[in-house]
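Chemist: Pasting a structure below so you can have a look.
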Amino acid sequence: MERNLTDEAQASPTSTAHPAGAAADWSWRSNGYAWWVVVVLALALTLSLMDRMIMALMIAPIQRDLALSDTQVSLIHGFAFTILYVLAGFPLGRIADRGSRRSVAGFSVFAWSVMTALCGSASNAVQLFLARMGVGVGEAGLSPAAISLISDYFPKKERARPLAFLTIGTTAGAGIAMMIGGSIIAMAGSAQDVVLPLFGPVHTWQAVFIILGVAGMLFAAIFLTVREPPRSERATTDVLPRTGEVAAFIIARRRFYIPHFLGTAMAVLVLIGFHTWMPTMLIRSFGWTAAQSGYAYGAIIALGGVTGILCSGWISVRLNRQGRTNVEISLVLWSALGALPFLAIAPLMPSGAATLVVIYLGIALLTVPSALAPTILQAITPNEMRAQLFAVYLLVISIGGYALGPLAVALITDKVLGDPLLLHLSLSVTAAIGLPVSALLMRRARSQTLKA
Numbered sequence: 001m002e003r004n005l006t007d008e009a010q011a012s013p014t015s016t017a018h019p020a021g022a023a024a025d026w027s028w029r030s031n032g033y034a035w036w037v038v039v040v041l042a043l044a045l046t047l048s049l050m051d052r053m054i055m056a057l058m059i060a061p062i063q064r065d066l067a068l069s070d071t072q073v074s075l076i077h078g079f080a081f082t083i084l085y086v087l088a089g090f091p092l093g094r095i096a097d098r099g100s101r102r103s104v105a106g107f108s109v110f111a112w113s114v115m116t117a118l119c120g121s122a123s124n125a126v127q128l129f130l131a132r133m134g135v136g137v138g139e140a141g142l143s144p145a146a147i148s149l150i151s152d153y154f155p156k157k158e159r160a161r162p163l164a165f166l167t168i169g170t171t172a173g174a175g176i177a178m179m180i181g182g183s184i185i186a187m188a189g190s191a192q193d194v195v196l197p198l199f200g201p202v203h204t205w206q207a208v209f210i211i212l213g214v215a216g217m218l219f220a221a222i223f224l225t226v227r228e229p230p231r232s233e234r235a236t237t238d239v240l241p242r243t244g245e246v247a248a249f250i251i252a253r254r255r256f257y258i259p260h261f262l263g264t265a266m267a268v269l270v271l272i273g274f275h276t277w278m279p280t281m282l283i284r285s286f287g288w289t290a291a292q293s294g295y296a297y298g299a300i301i302a303l304g305g306v307t308g309i310l311c312s313g314w315i316s317v318r319l320n321r322q323g324r325t326n327v328e329i330s331l332v333l334w335s336a337l338g339a340l341p342f343l344a345i346a347p348l349m350p351s352g353a354a355t356l357v358v359i360y361l362g363i364a365l366l367t368v369p370s371a372l373a374p375t376i377l378q379a380i381t382p383n384e385m386r387a388q389l390f391a392v393y394l395l396v397i398s399i400g401g402y403a404l405g406p407l408a409v410a411l412i413t414d415k416v417l418g419d420p421l422l423l424h425l426s427l428s429v430t431a432a433i434g435l436p437v438s439a440l441l442m443r444r445a446r447s448q449t450l451k452a
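Using full-length UniProt numbering, read the sequence shown as starting at 1 and increasing by one per residue.
Okay, here's the thing in structure tokens:
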């Protein structure tokens with residue numbers, strides 16, 4: 001019989017564990033400290049997504065001040081961020097596999113925070129585009145290093161919960177970003193400008209970028225409390241697999257990796273498309289203020305995302321203890337199908353309140369693919385390839401999700417429908433097309449783990 005992909009990874013000579021003598025290096029570790037590291041990484045990921053997604057709440061004032069169309073602002077929000085994010089991901093993942101993952105994570109936080117603050121000093125579209133590119137290259141180093149760190153702080157059977165908790169940061173961050181942005185806008189009132197110490201008068205949207213950037217630079221110091229753990233499940237040789245070896249590993253298992261990566265990317269495309277444009281839809285369709293849409297949709301993102309992550313982690317652990325196979329990828333497949341009716345219908349509801357109630361259920365379900373993807377990849381990938389392979393995964397979902405998600409919705413609005421007030425229809429069409437494609441790709445990936 002053909003072996004399961006998980007068994008292949010575990011049996012691979014590149015995943016041979018270190019001798020027992022290496023256990024002495026763990027004398028400083030405690031379960032409480034391991035969870036402290038998880039909290040630090042989750043907070044960093046929360047900050048990461050706050051800086052990444054905050055622009056979604058401020059589309060209207062940025063369009064007003066810089067004279068941008070929906071398509072143009074989506075290129076700055078998604079495409080500019082993704083360019084260097086995907087290019088830097090693999091080399092930074094390789095650095096994390098070779099050296100200190102703690103240092104990579106801490107430096108990444110500081111670097112993207114500087115660039116976020118620079119977004120606040122942008123006075124034209126080109127400057128904002130370049131600053132968003134810088135945010136992307138800074139954020140590229142965090143996730144690969146964080147996932148690799150977690151794999152060495154927890155044994156394999158205990159990783160699902162910390163990885164799910166870590167993913168909460170990426171979901172809650174988007175919601176918190178909306179709520180913080182809404183709070184700042186509400187404090188500014190009807191004024192288009194605010195005065196910040198050292199920066200002087202700036203537009204409200206510029207103030208949001210500056211405040212988040214300064215906060216991130218201060219937060220980076222917390223990584224001094226994180227220790228670099230010894231690597232487990234690693235080959236006895238000190239030679240790190242070359243890029244060609246990692247590529248060969250993926251190619252040999254391409255019938256799983258390709259549909260899994262693309263299926264997750266399609267789910268992320270829909271999710272990020274909604275996160276980017278739903279606040280603007282609430283403003284255009286229902287006359288909400290930016291502050292109102294920030295509070296309300298931010299809360300829905302955070303609550304729906306946390307619900308999906310916690311439930312998927314709990315269900316995954318429970319089913320695995322019952323001896324079920326391919327639990328995580330099955331949950332991903334069915335969650336994409338389950339989210340379809342909610343996200344296709346939500347933008348068409350007659351009121352903003354009804355829209356948010358329905359979309360809460362869709363977000364809870366559609367959070368599952370990104371929540372469980374790290375667990376799936378950890379199970380089939382040797383330790384010394386994990387950060388590099390996760391960087392490849394981030395490359396695919398970043399192009400498919402973060403670059404194309406906002407752009408797909410904007411192109412439907414500008415080029416197909418030709419009316420900014422039909423943004424709600426663009427969101428509905430994006431969900432109706434993207435989620436079935438995601439489910440079909442995940443079904444293909446799951447079939448590779450079920451073959452006998």
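Ideal placement from N, C-alpha and C gives every residue a C-beta, glycine not left out.
Tell me whether Ala-439 is buried or exposed, calling it buried when 16 or more other Cβ atoms sit within 10 Å of its Cβ.
Modeler: One-based indexing of the sequence shown puts residue 439 at position 439. Buried, since its Cβ has 16 or more Cβ neighbours within 10 Å.
Chemist: In terms of residues, what are the limits of the beta strand (DSSP E) holding Pro-201?
Modeler: Counting from one through the sequence shown, the residue named residue 201 turns up at place 201. Start and end: 200-203.
Chemist: Quick check on this structure: which residue in Ala-164, Leu-84 and Gly-93 has the alpha carbon closest to the alpha carbon of Ser-370?
Modeler: Walking along the sequence shown from the start, residue 370 turns up at place 370. Ser-370 has its Cα closest to that of Ala-164, out of Ala-164, Leu-84 and Gly-93.
Chemist: Determine the contact status of Ala-299 and Met-179, defining contact as a CB-CB distance below 8 Å.
Modeler: Taking the sequence shown and counting its residues from 1, the one referred to as residue 299 is at position 299. Taking the sequence shown and counting its residues from 1, the one referred to as residue 179 is at position 179. Against a cut-off of 8 Å, the Cβ pair of Met-179 and Ala-299 comes out as a contact.
Chemist: Give a yes or no on whether the C-beta atoms belonging to Pro-197 and Leu-441 are separated by under 8 Å.
Modeler: Sequence index remark: in the sequence shown, residue 197 carries index 197 (1-based). Sequence index remark: in the sequence shown, residue 441 carries index 441 (1-based). No; because the gap between Cβ atoms is not below 8 Å, this pair is not in contact.
Chemist: Roughly how many angstroms separate the alpha carbons of Ser-15 and Asn-383, rounded to a whole number?
Modeler: Against the sequence shown, residue 15 aligns to sequence position 15. Against the sequence shown, residue 383 aligns to sequence position 383. Confidence at Ser-15 is low in this model, with a pLDDT of 41, below 50, so its placement is unreliable and the value that follows should be read with caution. Each residue's alpha carbon lies about 6 Å from the other.
Chemist: Hey, Thr-430 and Gly-273 are a contact pair by Cβ (cut 8 Å); roughly how many whole angstroms apart?
Modeler: Translated into the one-based positions of the sequence shown, residue 430 becomes position 430. Translated into the one-based positions of the sequence shown, residue 273 becomes position 273. Correct: roughly 5 Å between the Cβ atoms.
Chemist: Between which two residues does the alpha helix (DSSP H) carrying Val-416 extend?
Modeler: In the sequence shown, the residue the question calls residue 416 occupies position 416. Per DSSP, Val-416 belongs to no alpha helix (DSSP H) and is neither H nor E.
Chemist: Taking Asn-124 as the reference, which of Arg-159, Ile-412 and Gln-72 has the closest Cα?
Modeler: As a first step, residue 124 is located in the sequence shown; it is residue number 124 there, counting from the start. Residue Gln-72 is the option with its Cα nearest to Asn-124.
Chemist: Alpha carbon to alpha carbon, what distance is there between Leu-49 and Thr-171?
Modeler: Stepping through the sequence shown from its first residue, residue 171 is reached at position 171. Stepping through the sequence shown from its first residue, residue 49 is reached at position 49. The alpha-carbon atoms of Thr-171 and Leu-49 are separated by roughly 8 Å.
Chemist: On the premise that Ala-403 lies in contact with Ala-60, defined as a C-beta separation below 8 Å, what is that separation, rounded to the nearest angstrom?
Modeler: Working through the sequence shown from its first residue, we reach residue 60 at position 60. Working through the sequence shown from its first residue, we reach residue 403 at position 403. No, Ala-60 and Ala-403 are not in contact; Cβ-Cβ is about 22 Å, not under 8 Å.
Chemist: Cα separation between Asn-326 and Ile-315?
Modeler: Within the sequence shown, numbered from 1, the residue matching residue 326 stands at position 326. Within the sequence shown, numbered from 1, the residue matching residue 315 stands at position 315. Cα to Cα, Asn-326 sits roughly 13 Å from Ile-315.
Chemist: Grouping DSSP H, G and I as helix and E and B as strand, with all else coil, what is Val-195?
Modeler: Residue 195 sits at position 195 when you count from the first residue of the sequence shown. Three-state result, Val-195: strand.
Chemist: Out of Tyr-297, Leu-68 and Tyr-360, state which residue places its alpha-carbon closest to the alpha-carbon of Gly-338.
Modeler: In the sequence shown, counting from the first residue as 1, residue 338 sits at position 338. Among Tyr-297, Leu-68 and Tyr-360, the Cα nearest to that of Gly-338 is on Tyr-360.
Chemist: Identify whether Glu-245 lies in helix, strand or coil by the three-state DSSP scheme.
Modeler: Taking the sequence shown and counting its residues from 1, the one referred to as residue 245 is at position 245. Here Glu-245 sits in helix by DSSP.
Chemist: From Gly-323 to Phe-342, what distance separates their C-alpha atoms?
Modeler: On the sequence shown, residue 323 is found 323 positions in, with the first residue counted as 1. On the sequence shown, residue 342 is found 342 positions in, with the first residue counted as 1. About 31 Å.
Chemist: Entirely within the segment 268-306 and at least 4 residues each: give me those alpha helix (DSSP H) ranges in chain order.
Modeler: For the segment 268-306, not a single whole alpha helix (DSSP H) run of length 4 or above is found.
Chemist: Taking only the alpha-carbon atoms, compute the straight-line gap between His-77 and Tyr-295 and give it to the nearest angstrom.
Modeler: Stepping through the sequence shown from its first residue, residue 77 is reached at position 77. Stepping through the sequence shown from its first residue, residue 295 is reached at position 295. So the alpha carbons of these two residues sit roughly 20 Å apart.
Chemist: May I have the straight-line CA-CA distance separating Lys-156 from Ala-186, to the nearest angstrom?
Modeler: Along the sequence shown, read from residue 1 onward, the residue named residue 156 stands at position 156. Along the sequence shown, read from residue 1 onward, the residue named residue 186 stands at position 186. Near 46 Å, if we compare the C-alpha coordinates of Ala-186 and Lys-156.
Chemist: Sort Leu-395, Met-266 and Leu-319 by Cα distance to Val-437 and report the nearest one.
Modeler: In the sequence shown, residue 437 corresponds to position 437, counting from 1. The shortest Cα separation from Val-437 among Leu-395, Met-266 and Leu-319 belongs to Met-266.
Chemist: Could you check if Pro-201 is buried or exposed, using at least 16 other CB atoms within 10 Å of its CB as the buried criterion?
Modeler: As a first step, residue 201 is located in the sequence shown; it is residue number 201 there, counting from the start. Exposed.
Chemist: If you run the structure through DSSP and keep just helix, strand and coil, what is Arg-98?
Modeler: Position 98 of the sequence shown, counting from 1, holds the residue named residue 98. In the structure shown, Arg-98 sits in a helix (DSSP, three-state: H, G or I).
Chemist: The alpha helix (DSSP H) with Pro-369 in it runs from where to where?
Modeler: Position 369 of the sequence shown holds residue 369. Its alpha helix (DSSP H) spans residues 368-380.
Chemist: Return helix, strand or coil for Phe-342, following the three-state DSSP convention.
Modeler: Translated into the one-based positions of the sequence shown, residue 342 becomes position 342. In this structure, Phe-342 counts as helix in the three-state DSSP scheme.
Chemist: Excluding the five sequence neighbours on either side, which residues of its own chain have a C-beta within less than 6 Å of the C-beta of Gly-313, listed in chain order?
Modeler: Reading the sequence shown from its first residue, position 313 is the one you call residue 313. Same-chain partners within the cutoff: Ala-160, Arg-161 and Ala-164.
Chemist: Mind checking whether Ala-387 and Ala-80 have CB atoms under 8 Å apart?
Modeler: The sequence position of residue 387 within the sequence shown is 387, counting from 1. The sequence position of residue 80 within the sequence shown is 80, counting from 1. Not a contact, by the Cβ cut-off of 8 Å.
Chemist: Would you check if the distance between the CB atom of Gly-213 and the CB atom of Val-109 is smaller than 8 Å?
Modeler: By 1-based counting over the sequence shown, the position of residue 213 is 213. By 1-based counting over the sequence shown, the position of residue 109 is 109. Against a cut-off of 8 Å, the Cβ pair of Val-109 and Gly-213 comes out as no contact.
Chemist: Return the chain-ordered ranges of every alpha helix (DSSP H) run that is complete within the segment 378-404 and spans a minimum of 4 residues.
Modeler: For the segment 378-404, whole alpha helix (DSSP H) runs of length 4 or above, ordered along the chain, are 383-397.
Chemist: Assign Ala-353 to one of two classes, buried (16 or more other C-beta atoms within 10 Å of its C-beta) or exposed (fewer than that).
Modeler: The count along the sequence shown starts at 1 and reaches residue 353 at position 353. Per the 10 Å Cβ criterion, exposed.
Chemist: Leaving out five residues on either side along the sequence, give the residues of the same chain with a beta carbon under 7 Å from the beta carbon of Ala-408.
Modeler: Along the sequence shown, one-based indexing puts residue 408 at 408. Within the same chain, Ala-408 has close Cβ partners Leu-269, Gly-273 and Thr-430.
Chemist: Do Gly-138 and Val-104 have their C-beta atoms closer together than 8 Å?
Modeler: Taking the sequence shown and counting its residues from 1, one reaches residue 138 at position 138. Taking the sequence shown and counting its residues from 1, one reaches residue 104 at position 104. Contact flag unset, no.
Chemist: Measuring only the C-alpha atoms, how far is Val-135 from Val-368?
Modeler: In the sequence shown, residue 135 corresponds to position 135, counting from 1. In the sequence shown, residue 368 corresponds to position 368, counting from 1. Spanning the two alpha carbons is a distance of roughly 26 Å.
Chemist: State the Cα-Cα distance for the pair Gly-305 and Thr-46, rounded to the nearest angstrom.
Modeler: Translated into positions along the sequence shown, residue 305 becomes position 305. Translated into positions along the sequence shown, residue 46 becomes position 46. Cα-Cα distance, rounded: 12 Å.
Chemist: Put Thr-355 into one of helix, strand or coil per three-state DSSP.
Modeler: Here residue 355 refers to the residue found at position 355 when the sequence shown is read from its first residue. Of the three classes helix, strand and coil, the one that applies to Thr-355 here is helix, per DSSP.
Chemist: What's the C-alpha gap between Gly-21 and Pro-230?
Modeler: As a position in the sequence shown, residue 21 is number 21, starting the count at 1. As a position in the sequence shown, residue 230 is number 230, starting the count at 1. Per-residue confidence for Gly-21 stands at a pLDDT of 38, beneath the threshold of 50, marking its modelled position as unreliable; no derived number is given.
Chemist: Identify which residue in Thr-375, Leu-348 and Ser-335 has its Cα closest to the Cα of Gly-362.
Modeler: As a working mapping, residue 362 is identified with position 362 in the sequence shown. For Gly-362, the nearest C-alpha among the options comes from Ser-335.
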